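For the sequence shown, the positions run 484 to 540 when our numbering is used. Here the structure is laid out as C-alpha cells; the discussion comes afterwards.
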Amino acid sequence: MWEVIKSVLAAFLGVQREQQRLKDFEEGNPIAFIVTGIVLAAVLVGVIALVAVLAAG
Numbered sequence: 484m485w486e487v488i489k490s491v492l493a494a495f496l497g498v499q500r501e502q503q504r505l506k507d508f509e510e511g512n513p514i515a516f517i518v519t520g521i522v523l524a525a526v527l528v529g530v531i532a533l534v535a536v537l538a539a540g
C-alpha cells in the first residue's frame, strides 16, 4: 500500500518518473490508485480548510 501512496503523491506533485508510471499502469490495481487519490485529495482539502480557518480567526 505504501507504494501506491508514494505513486499517488508523486503524481499529485508531478514528479513521478516515466518508468514508475509505466510500472504502475502495468502492475498496479486501478481501484487502489483511485481510492488512494480520492482519500489524499480529501485530506489535502481538509488541511487547506483547517489552515484557512486558523488563519482567519
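Yeah, the Cβ is synthetic: ideal placement off N, Cα and C, and Gly gets one too. Small disclaimer: the values here were computed from a predicted structure and weren't measured.
In the same chain as Ile488, and ignoring 5 residues on each side of it, the C-beta atoms closer than 7 angstroms to its own belong to Thr519, in chain order. Here the alpha carbon of Val534 sits roughly 31 angstroms from the alpha carbon of Arg500. Distance from the CA atom of Ser490 to the CA atom of Ala532, rounded to whole angstroms, is 24 angstroms. Taking 9 angstroms as the cut-off, the Cβ atoms of Met484 and Ala515 count as close.
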